[in-house]
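In the numbering used here, the protein residues as written are 40 to 146.
First up is the structure itself, then whatever we jot down about it.
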């Protein structure tokens, strides 16, 4: 009978140890997954940070208006009117009148 009790105690300890090892593996796997996801988020950055827009010079063609230029070149999600105000300010224009051949700097 003592051999059976010893075997049962050994089997019980072995199961506890296996359970503990499984917990450690699960935690390690979850932590590694979290590190990969967090690292990907940090390294990817937001599009606004990674795409620093440089000013663009546009030569006005016949029939172009500031509104059409602003509508074409305004960043996604930005109101065209706000972008048009930035264009006016950047080019020190007091009105919306532009001429063919004129260079316009777009922010």
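C-beta atoms are modelled at their ideal positions from N, C-alpha and C, and glycine is treated no differently.
Inset, instruction - Evaluate residue 126 with the Cβ neighbour count: other Cβ atoms within 10 Å of its Cβ, from every protein chain shown; 16 or more gives buried, anything less gives exposed. - result: On the chain shown, position 87 is the one that residue 126 refers to. With at least 16 other beta carbons inside 10 angstroms of its own, residue 126 counts as buried.
Legend entry - Identity of the residue in 58, 54 and 143 nearest residue 103 by Cα: For the purposes of this step, residue 103 is taken as residue 64 along the chain shown, with counting starting at 1. When each option's Cα is compared against that of residue 103, the closest is 143.
Inset, instruction - Run the CB neighbour count on residue 109, radius 10 Å, all protein chains shown included, and call it buried at 16 or more, exposed below. - result: The count along the chain shown starts at 1 and reaches residue 109 at position 70. Residue 109 is buried by the Cβ-count criterion.
Inset, instruction - Classify residue 99 as helix, strand or coil using the three-state DSSP reduction. - result: If you number the chain shown from 1, residue 99 lands on position 60. Here residue 99 sits in coil by DSSP.
Legend entry - Boundaries of the beta strand (DSSP E) in which residue 142 is found, first to last residue: Here residue 142 is taken as the residue at index 103 of the chain shown, counted from 1. According to the DSSP assignment, residue 142 belongs to the beta strand (DSSP E) that extends over 142-145.
Inset, instruction - Compute the distance between the beta-carbons of residue 105 and residue 76, then report whether it is under 8 angstroms. - result: Along the chain shown, one-based indexing puts residue 105 at 66. Along the chain shown, one-based indexing puts residue 76 at 37. It is not a contact, given that the beta carbons lie outside the stated cut-off.
Inset, instruction - Report all residues from its chain with a CB closer than 6 angstroms to the CB of residue 119; omit the five preceding and five following residues, and keep chain order. - result: Position 80 of the chain shown, counting from 1, holds the residue named residue 119. Taking C-beta separations shorter than 6 angstroms and ignoring five residues to either side along the sequence, the partners of residue 119 in its chain run 109, 110 and 113, following chain order.
Legend entry - Residue span of the alpha helix (DSSP H) that contains residue 122, given as start and end: Within the chain shown, numbered from 1, the residue matching residue 122 stands at position 83. Here the alpha helix (DSSP H) through residue 122 covers 119-129.
Legend entry - Through-space distance from residue 146 to residue 116, alpha-carbon basis: Here the question's residue 116 lines up with position 77 in the chain shown. Here the question's residue 146 lines up with position 107 in the chain shown. Their backbone Cα atoms lie some 15 angstroms apart in a straight line.
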